[in-house]
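Numbering (our numbering), first residue to last: 583 to 1007. Glycine residues also receive a C-beta, built at the ideal position from the N, C-alpha and C atoms. A quick write-up on the structure given underneath.
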(Lines of atoms letter the chains of each structure in order from A and count residues from 1; the text may use other names and numbers.)
(Lines give C-alpha, C1' and ligand atoms only; values in the text may rest on other atoms or scores of the structure.)
Protein backbone atom coordinates (compact mmCIF):
# COMPACT_ATOMS: atom_id res chain seq x y z
CA UNK A 1 0.00 0.00 0.00
CA UNK A 2 1.43 3.39 -1.04
CA UNK A 3 2.32 5.85 1.67
CA UNK A 4 0.88 9.35 1.75
CA UNK A 5 4.25 10.70 0.55
CA UNK A 6 4.32 8.30 -2.42
CA UNK A 7 0.75 9.22 -3.39
CA UNK A 8 1.67 12.91 -3.29
CA UNK A 9 4.73 12.30 -5.49
CA UNK A 10 2.61 10.36 -8.00
CA UNK A 11 0.02 13.12 -8.10
CA UNK A 12 2.68 15.73 -8.74
CA UNK A 13 4.03 13.60 -11.57
CA UNK A 14 0.72 13.48 -13.42
CA UNK A 15 0.81 15.33 -16.73
CA UNK A 16 -1.80 17.19 -18.76
CA UNK A 17 -1.91 14.57 -21.49
CA UNK A 18 -0.42 11.22 -22.36
CA UNK A 19 1.81 12.44 -25.18
CA UNK A 20 3.43 15.76 -26.02
CA UNK A 21 4.52 16.39 -29.60
CA UNK A 22 5.27 19.22 -32.00
CA UNK A 23 3.15 19.92 -35.06
CA UNK A 24 5.60 17.79 -37.06
CA UNK A 25 4.95 14.84 -34.78
CA UNK A 26 8.28 15.07 -32.95
CA UNK A 27 7.86 13.74 -29.42
CA UNK A 28 8.60 16.28 -26.70
CA UNK A 29 10.19 14.80 -23.59
CA UNK A 30 9.49 16.00 -20.07
CA UNK A 31 13.11 17.00 -19.56
CA UNK A 32 16.16 17.49 -21.76
CA UNK A 33 19.69 16.86 -20.50
CA UNK A 34 23.20 16.71 -22.00
CA UNK A 35 22.40 13.12 -23.03
CA UNK A 36 20.15 14.45 -25.83
CA UNK A 37 23.00 16.34 -27.51
CA UNK A 38 25.96 14.01 -27.04
CA UNK A 39 26.32 13.54 -30.80
CA UNK A 40 26.41 17.28 -31.49
CA UNK A 41 29.74 18.67 -32.63
CA UNK A 42 29.93 22.44 -32.19
CA UNK A 43 32.07 23.28 -35.21
CA UNK A 44 30.41 20.75 -37.52
CA UNK A 45 26.77 21.24 -36.51
CA UNK A 46 26.56 24.76 -35.12
CA UNK A 47 29.61 26.86 -35.91
CA UNK A 48 29.90 30.54 -35.18
CA UNK A 49 27.36 33.03 -36.54
CA UNK A 50 28.28 33.97 -40.08
CA UNK A 51 30.22 30.74 -40.61
CA UNK A 52 29.28 27.42 -42.21
CA UNK A 53 26.85 25.72 -41.59
CA UNK A 54 25.17 28.96 -40.44
CA UNK A 55 22.97 27.24 -37.83
CA UNK A 56 23.45 30.23 -35.54
CA UNK A 57 22.84 32.87 -38.20
CA UNK A 58 24.18 34.07 -41.53
CA UNK A 59 25.95 37.17 -40.18
CA UNK A 60 28.51 37.42 -37.36
CA UNK A 61 26.68 40.21 -35.54
CA UNK A 62 23.08 39.53 -36.63
CA UNK A 63 20.76 42.00 -34.84
CA UNK A 64 23.62 43.60 -32.89
CA UNK A 65 24.61 45.06 -36.26
CA UNK A 66 21.13 46.00 -37.46
CA UNK A 67 17.65 44.69 -36.87
CA UNK A 68 15.71 42.62 -39.35
CA UNK A 69 13.93 44.54 -42.11
CA UNK A 70 10.39 45.35 -41.04
CA UNK A 71 8.55 44.64 -44.26
CA UNK A 72 4.77 44.78 -43.98
CA UNK A 73 2.81 43.20 -46.83
CA UNK A 74 0.37 45.68 -48.38
CA UNK A 75 -1.74 46.02 -51.49
CA UNK A 76 -5.40 46.69 -52.24
CA UNK A 77 -7.61 48.64 -54.61
CA UNK A 78 -5.87 50.98 -57.00
CA UNK A 79 -2.21 51.88 -57.26
CA UNK A 80 -3.00 55.21 -55.58
CA UNK A 81 -4.71 53.44 -52.65
CA UNK A 82 -1.72 51.21 -52.06
CA UNK A 83 0.77 54.06 -52.48
CA UNK A 84 -0.96 55.89 -49.62
CA UNK A 85 -0.68 52.78 -47.43
CA UNK A 86 3.01 52.46 -48.36
CA UNK A 87 3.69 56.03 -47.28
CA UNK A 88 1.76 55.54 -44.03
CA UNK A 89 3.84 52.47 -43.17
CA UNK A 90 7.14 54.13 -44.10
CA UNK A 91 6.26 57.16 -42.00
CA UNK A 92 5.45 54.79 -39.12
CA UNK A 93 8.97 53.33 -39.26
CA UNK A 94 8.71 50.46 -41.72
CA UNK A 95 12.07 49.79 -43.40
CA UNK A 96 11.07 47.97 -46.61
CA UNK A 97 8.06 47.49 -48.87
CA UNK A 98 6.19 44.30 -49.72
CA UNK A 99 3.56 44.35 -52.45
CA UNK A 100 0.42 42.23 -52.70
CA UNK A 101 -1.14 42.01 -56.17
CA UNK A 102 -4.74 41.15 -56.98
CA UNK A 103 -5.62 37.86 -58.66
CA UNK A 104 -6.09 39.32 -62.17
CA UNK A 105 -2.56 40.76 -61.99
CA UNK A 106 -1.23 37.44 -60.71
CA UNK A 107 -2.92 35.60 -63.59
CA UNK A 108 -2.07 38.07 -66.35
CA UNK A 109 -5.54 39.56 -66.89
CA UNK A 110 -6.18 43.26 -67.39
CA UNK A 111 -8.64 44.76 -64.93
CA UNK A 112 -11.30 45.17 -67.64
CA UNK A 113 -11.13 41.53 -68.75
CA UNK A 114 -14.38 39.57 -68.12
CA UNK A 115 -12.42 36.99 -66.12
CA UNK A 116 -11.34 39.73 -63.70
CA UNK A 117 -14.89 40.64 -62.67
CA UNK A 118 -15.27 40.83 -58.90
CA UNK A 119 -11.55 40.38 -58.23
CA UNK A 120 -9.99 43.72 -59.21
CA UNK A 121 -8.16 45.18 -56.22
CA UNK A 122 -9.77 42.68 -53.88
CA UNK A 123 -6.81 40.81 -52.37
CA UNK A 124 -4.06 43.07 -53.67
CA UNK A 125 -3.34 46.03 -55.87
CA UNK A 126 -4.36 46.03 -59.55
CA UNK A 127 -1.40 46.71 -61.85
CA UNK A 128 -2.06 46.60 -65.60
CA UNK A 129 0.54 48.97 -67.03
CA UNK A 130 3.78 50.85 -66.38
CA UNK A 131 1.57 53.85 -65.58
CA UNK A 132 -0.01 51.88 -62.73
CA UNK A 133 3.44 50.93 -61.41
CA UNK A 134 4.47 54.59 -61.61
CA UNK A 135 1.50 55.55 -59.41
CA UNK A 136 2.20 52.68 -57.01
CA UNK A 137 5.76 53.90 -56.44
CA UNK A 138 5.06 57.64 -56.48
CA UNK A 139 7.50 59.57 -54.25
CA UNK A 140 9.25 56.39 -53.11
CA UNK A 141 13.04 56.58 -53.61
CA UNK A 142 13.83 53.21 -55.15
CA UNK A 143 17.55 53.56 -54.46
CA UNK A 144 16.88 53.79 -50.70
CA UNK A 145 13.82 51.56 -50.17
CA UNK A 146 13.91 47.89 -51.17
CA UNK A 147 10.70 46.37 -52.50
CA UNK A 148 9.47 42.79 -52.41
CA UNK A 149 6.86 41.79 -54.98
CA UNK A 150 4.75 38.69 -54.41
CA UNK A 151 4.20 37.71 -58.03
CA UNK A 152 4.95 34.48 -59.84
CA UNK A 153 3.46 33.55 -63.22
CA UNK A 154 3.70 37.16 -64.40
CA UNK A 155 6.89 37.97 -62.47
CA UNK A 156 8.91 38.93 -65.54
CA UNK A 157 6.31 41.52 -66.58
CA UNK A 158 6.00 43.15 -63.15
CA UNK A 159 9.78 43.22 -62.77
CA UNK A 160 10.05 44.97 -66.14
CA UNK A 161 7.48 47.56 -64.99
CA UNK A 162 9.44 48.17 -61.79
CA UNK A 163 12.75 48.61 -63.58
CA UNK A 164 11.11 50.97 -66.08
CA UNK A 165 9.94 53.20 -63.21
CA UNK A 166 13.41 53.14 -61.66
CA UNK A 167 14.82 54.15 -65.05
CA UNK A 168 12.35 57.06 -65.14
CA UNK A 169 13.53 58.14 -61.68
CA UNK A 170 17.08 58.23 -63.03
CA UNK A 171 18.28 55.55 -60.65
CA UNK A 172 21.05 53.31 -61.97
CA UNK A 173 19.90 49.71 -62.18
CA UNK A 174 22.91 48.68 -60.13
CA UNK A 175 21.48 50.59 -57.14
CA UNK A 176 17.94 49.23 -56.98
CA UNK A 177 17.30 46.33 -54.65
CA UNK A 178 14.36 44.12 -53.88
CA UNK A 179 12.90 40.68 -54.38
CA UNK A 180 10.60 39.08 -56.93
CA UNK A 181 8.87 35.92 -55.70
CA UNK A 182 9.15 34.11 -59.06
CA UNK A 183 8.50 30.70 -57.44
CA UNK A 184 6.22 28.87 -59.84
CA UNK A 185 6.58 25.33 -58.49
CA UNK A 186 4.85 26.20 -55.23
CA UNK A 187 1.96 27.57 -57.32
CA UNK A 188 1.38 24.09 -58.71
CA UNK A 189 1.68 22.66 -55.20
CA UNK A 190 -0.15 25.09 -52.94
CA UNK A 191 -1.81 28.10 -54.61
CA UNK A 192 -2.77 27.57 -58.24
CA UNK A 193 -1.92 30.93 -59.83
CA UNK A 194 0.09 29.48 -62.69
CA UNK A 195 -0.42 30.37 -66.37
CA UNK A 196 2.00 28.21 -68.34
CA UNK A 197 2.97 24.52 -68.14
CA UNK A 198 5.86 23.52 -65.89
CA UNK A 199 8.71 23.49 -68.41
CA UNK A 200 8.22 26.95 -69.98
CA UNK A 201 7.57 28.34 -66.49
CA UNK A 202 10.91 27.01 -65.30
CA UNK A 203 12.58 28.53 -68.36
CA UNK A 204 11.18 31.96 -67.42
CA UNK A 205 12.66 31.63 -63.95
CA UNK A 206 16.18 30.92 -65.14
CA UNK A 207 15.86 33.72 -67.72
CA UNK A 208 15.12 36.11 -64.84
CA UNK A 209 18.20 34.80 -63.02
CA UNK A 210 20.36 35.59 -66.05
CA UNK A 211 18.79 38.99 -66.71
CA UNK A 212 19.15 40.18 -63.12
CA UNK A 213 22.76 39.00 -62.93
CA UNK A 214 23.54 41.20 -65.93
CA UNK A 215 21.24 44.18 -65.31
CA UNK A 216 20.13 44.45 -61.66
CA UNK A 217 22.81 42.65 -59.64
CA UNK A 218 21.43 43.62 -56.21
CA UNK A 219 18.00 42.16 -56.99
CA UNK A 220 16.95 38.91 -55.29
CA UNK A 221 15.82 36.87 -58.26
CA UNK A 222 13.49 34.49 -56.45
CA UNK A 223 11.82 34.03 -53.08
CA UNK A 224 11.41 30.29 -52.74
CA UNK A 225 8.34 30.00 -50.61
CA UNK A 226 7.47 27.61 -47.86
CA UNK A 227 4.90 30.02 -46.48
CA UNK A 228 2.13 29.06 -48.89
CA UNK A 229 2.94 25.37 -48.48
CA UNK A 230 2.59 25.72 -44.71
CA UNK A 231 -0.64 27.68 -45.08
CA UNK A 232 -1.97 24.87 -47.30
CA UNK A 233 -1.54 22.38 -44.46
CA UNK A 234 2.05 21.14 -44.26
CA UNK A 235 3.98 20.59 -41.05
CA UNK A 236 7.10 22.57 -40.16
CA UNK A 237 9.37 19.76 -41.37
CA UNK A 238 7.43 19.41 -44.64
CA UNK A 239 7.61 23.17 -45.13
CA UNK A 240 11.42 22.97 -45.19
CA UNK A 241 11.51 19.80 -47.28
CA UNK A 242 9.08 20.88 -49.99
CA UNK A 243 10.63 24.35 -50.21
CA UNK A 244 14.10 22.90 -50.60
CA UNK A 245 12.90 20.36 -53.17
CA UNK A 246 11.68 23.29 -55.27
CA UNK A 247 14.90 25.19 -54.63
CA UNK A 248 17.08 22.29 -55.74
CA UNK A 249 15.05 22.07 -58.96
CA UNK A 250 15.69 25.75 -59.66
CA UNK A 251 19.41 25.37 -58.91
CA UNK A 252 19.75 22.41 -61.27
CA UNK A 253 17.84 24.24 -64.03
CA UNK A 254 20.04 27.31 -63.65
CA UNK A 255 23.22 25.25 -63.82
CA UNK A 256 21.89 23.43 -66.90
CA UNK A 257 21.26 26.84 -68.50
CA UNK A 258 24.95 27.65 -68.07
CA UNK A 259 24.72 29.94 -65.05
CA UNK A 260 27.50 30.04 -62.46
CA UNK A 261 26.25 28.80 -59.09
CA UNK A 262 28.48 31.21 -57.19
CA UNK A 263 26.93 34.12 -59.08
CA UNK A 264 23.24 33.21 -58.88
CA UNK A 265 23.09 31.33 -55.56
CA UNK A 266 23.88 34.38 -53.38
CA UNK A 267 20.77 36.08 -54.85
CA UNK A 268 18.43 33.22 -53.92
CA UNK A 269 16.11 34.09 -51.05
CA UNK A 270 13.47 32.16 -49.15
CA UNK A 271 10.11 32.85 -47.51
CA UNK A 272 8.85 30.92 -44.49
CA UNK A 273 5.89 30.93 -42.13
CA UNK A 274 6.05 31.32 -38.38
CA UNK A 275 3.30 29.50 -36.49
CA UNK A 276 2.31 29.02 -32.86
CA UNK A 277 4.65 26.23 -31.72
CA UNK A 278 7.36 28.60 -30.52
CA UNK A 279 10.26 26.22 -30.02
CA UNK A 280 9.60 24.12 -33.11
CA UNK A 281 9.51 27.28 -35.22
CA UNK A 282 12.84 28.48 -33.81
CA UNK A 283 14.29 25.01 -34.40
CA UNK A 284 12.87 24.98 -37.94
CA UNK A 285 14.68 28.16 -38.93
CA UNK A 286 17.97 26.96 -37.43
CA UNK A 287 17.61 23.53 -39.05
CA UNK A 288 16.78 25.10 -42.41
CA UNK A 289 19.97 27.16 -42.42
CA UNK A 290 22.10 24.13 -41.60
CA UNK A 291 20.43 21.80 -44.07
CA UNK A 292 20.53 24.29 -46.95
CA UNK A 293 24.21 25.04 -46.36
CA UNK A 294 25.07 21.36 -46.45
CA UNK A 295 22.99 20.71 -49.56
CA UNK A 296 24.59 23.56 -51.47
CA UNK A 297 28.15 22.66 -50.50
CA UNK A 298 27.88 18.88 -50.82
CA UNK A 299 25.74 18.66 -53.98
CA UNK A 300 26.89 21.69 -55.96
CA UNK A 301 30.19 22.82 -54.45
CA UNK A 302 28.78 26.26 -53.68
CA UNK A 303 30.87 28.81 -51.85
CA UNK A 304 29.92 29.79 -48.31
CA UNK A 305 28.25 32.92 -49.67
CA UNK A 306 26.18 30.79 -52.02
CA UNK A 307 25.26 28.40 -49.21
CA UNK A 308 23.79 31.03 -46.88
CA UNK A 309 20.03 30.77 -46.35
CA UNK A 310 18.56 34.28 -46.41
CA UNK A 311 14.85 34.36 -45.63
CA UNK A 312 11.81 36.51 -45.01
CA UNK A 313 9.16 35.40 -42.52
CA UNK A 314 5.46 36.08 -42.23
CA UNK A 315 3.35 35.18 -39.24
CA UNK A 316 0.79 32.45 -39.84
CA UNK A 317 -2.37 33.58 -41.57
CA UNK A 318 -4.22 30.33 -40.93
CA UNK A 319 -3.66 30.65 -37.19
CA UNK A 320 -5.74 33.84 -37.01
CA UNK A 321 -9.27 33.51 -35.67
CA UNK A 322 -12.33 35.55 -36.62
CA UNK A 323 -13.78 35.06 -33.15
CA UNK A 324 -12.29 37.34 -30.46
CA UNK A 325 -9.90 38.83 -33.03
CA UNK A 326 -7.93 40.84 -30.46
CA UNK A 327 -6.45 37.53 -29.28
CA UNK A 328 -4.67 37.45 -32.64
CA UNK A 329 -2.43 40.26 -31.37
CA UNK A 330 -0.91 37.77 -28.93
CA UNK A 331 -0.64 35.00 -31.52
CA UNK A 332 1.18 37.32 -33.91
CA UNK A 333 3.55 38.49 -31.15
CA UNK A 334 4.49 34.89 -30.27
CA UNK A 335 5.07 34.05 -33.93
CA UNK A 336 7.16 37.19 -34.43
CA UNK A 337 9.21 36.23 -31.38
CA UNK A 338 9.88 32.81 -32.92
CA UNK A 339 10.95 34.35 -36.23
CA UNK A 340 13.38 36.76 -34.61
CA UNK A 341 14.78 34.18 -32.19
CA UNK A 342 15.22 32.02 -35.30
CA UNK A 343 17.26 34.70 -37.08
CA UNK A 344 15.01 35.94 -39.89
CA UNK A 345 16.33 38.65 -42.22
CA UNK A 346 12.97 40.37 -42.63
CA UNK A 347 9.53 40.03 -41.14
CA UNK A 348 5.86 40.72 -41.82
CA UNK A 349 3.49 40.62 -38.87
CA UNK A 350 -0.16 40.04 -39.73
CA UNK A 351 -2.92 42.42 -38.72
CA UNK A 352 -5.18 41.07 -35.99
CA UNK A 353 -8.26 41.54 -38.20
CA UNK A 354 -7.04 39.59 -41.24
CA UNK A 355 -9.36 36.65 -40.55
CA UNK A 356 -12.16 39.10 -41.31
CA UNK A 357 -10.83 41.51 -43.92
CA UNK A 358 -7.84 43.26 -45.37
CA UNK A 359 -6.09 44.95 -42.42
CA UNK A 360 -7.31 48.37 -41.39
CA UNK A 361 -4.81 51.19 -40.89
CA UNK A 362 -5.06 50.63 -37.12
CA UNK A 363 -4.39 46.89 -37.40
CA UNK A 364 -1.52 47.35 -39.86
CA UNK A 365 0.09 49.95 -37.63
CA UNK A 366 -0.25 47.78 -34.52
CA UNK A 367 1.30 44.86 -36.41
CA UNK A 368 4.31 47.03 -37.24
CA UNK A 369 4.49 48.29 -33.66
CA UNK A 370 4.67 44.65 -32.51
CA UNK A 371 7.95 44.28 -34.38
CA UNK A 372 9.24 47.59 -33.07
CA UNK A 373 8.54 46.64 -29.45
CA UNK A 374 10.37 43.35 -29.97
CA UNK A 375 13.31 45.12 -31.55
CA UNK A 376 13.69 48.12 -29.28
CA UNK A 377 12.28 47.04 -25.92
CA UNK A 378 12.82 43.30 -25.41
CA UNK A 379 16.60 42.93 -25.72
CA UNK A 380 16.07 40.16 -28.27
CA UNK A 381 18.81 41.48 -30.55
CA UNK A 382 21.46 42.04 -27.91
CA UNK A 383 23.11 38.64 -28.31
CA UNK A 384 23.25 36.36 -31.34
CA UNK A 385 21.16 33.16 -31.36
CA UNK A 386 20.23 33.36 -27.66
CA UNK A 387 18.63 29.90 -27.53
CA UNK A 388 21.76 28.11 -28.77
CA UNK A 389 22.99 25.52 -26.31
CA UNK A 390 19.54 24.76 -24.93
CA UNK A 391 19.33 20.98 -24.74
CA UNK A 392 15.74 21.17 -25.95
CA UNK A 393 16.32 23.59 -28.82
CA UNK A 394 19.44 21.82 -30.09
CA UNK A 395 17.74 18.41 -29.90
CA UNK A 396 14.66 19.78 -31.66
CA UNK A 397 16.77 21.47 -34.34
CA UNK A 398 18.40 18.15 -35.19
CA UNK A 399 15.06 16.32 -35.14
CA UNK A 400 13.40 18.81 -37.51
CA UNK A 401 16.38 18.62 -39.86
CA UNK A 402 16.24 14.81 -39.86
CA UNK A 403 12.51 14.71 -40.66
CA UNK A 404 12.86 17.36 -43.36
CA UNK A 405 15.73 15.51 -45.01
CA UNK A 406 13.71 12.28 -45.06
CA UNK A 407 10.88 14.02 -46.95
CA UNK A 408 13.36 15.72 -49.27
CA UNK A 409 15.13 12.46 -50.10
CA UNK A 410 11.78 10.90 -51.01
CA UNK A 411 11.05 13.73 -53.49
CA UNK A 412 14.55 13.51 -54.95
CA UNK A 413 14.03 9.78 -55.50
CA UNK A 414 10.96 10.67 -57.59
CA UNK A 415 13.17 12.75 -59.87
CA UNK A 416 12.91 16.10 -58.09
CA UNK A 417 10.23 18.69 -57.51
CA UNK A 418 8.99 18.94 -61.10
CA UNK A 419 8.22 15.22 -61.01
CA UNK A 420 6.99 15.24 -57.42
CA UNK A 421 4.33 17.96 -57.63
CA UNK A 422 1.46 15.54 -57.00
CA UNK A 423 3.19 14.11 -53.92
CA UNK A 424 3.71 17.56 -52.40
CA UNK A 425 0.14 18.62 -53.14
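Residues that DSSP places opposite residue 653 in a beta bridge: 678
From 699, 662 and 649, residue whose alpha carbon lies closest to that of residue 676: 649
Cutoff 7 angstroms; reference residue 865; Cβ partners in own chain excluding five residues on either side: 975, 978, 979 and 982
DSSP-derived helix/strand/coil call for residue 996: coil
Residue 896 in three-state terms, based on DSSP: strand
Beta strand (DSSP E) segment containing residue 729, residue limits: 729-732
For residue 621 and residue 905, the rounded distance between their alpha carbons: 46 angstroms
Closest residue to residue 635 among 692, 624 and 704 (Cα-Cα distance): 624
Residue nearest to residue 815 in terms of C-alpha spacing, selected from 972, 773, 608 and 716: 773
Unbroken beta strand (DSSP E) run spanning residue 670, endpoints: Note, residue 670: premise wrong, no beta strand (DSSP E); alpha helix (DSSP H) at 661-673.
Among 972, 966, 872 and 1002, nearest to residue 644 - alpha-carbon criterion: 966
Inter-stretch contact at 8 angstroms, needing at least 3 Cβ pairs: the region 646-662 / the region 879-887: no
The region 750-759 touching the region 778-793, judged by at least three CB pairs closer than 8 angstroms: no
At least three beta-carbon pairs within less than 8 angstroms, the region 825-833 to the region 930-939: no
Runs of beta strand (DSSP E) wholly within the region 859-945 (minimum 3 residues, chain order): 893-897 and 928-930
Coarse secondary structure for residue 736, derived from DSSP in three states: coil
Cβ contact check for the region 800-814 and the region 763-781: 3 or more pairs under 8 angstroms: yes
Nearest to residue 968 (by Cα), restricted to the options 602, 617 and 630: 630
Residue 806 Cβ short of 6 angstroms to the ligand NAP heavy atom set: Inclusion of the ligand NAP in the displayed structure is not the case, the ligand content being empty and no account of it being possible.
Which residues DSSP lists as bridging residue 804, in chain order: 850
Which residues DSSP lists as bridging residue 707, in chain order: 683
Residue 699, DSSP secondary structure in three states: coil
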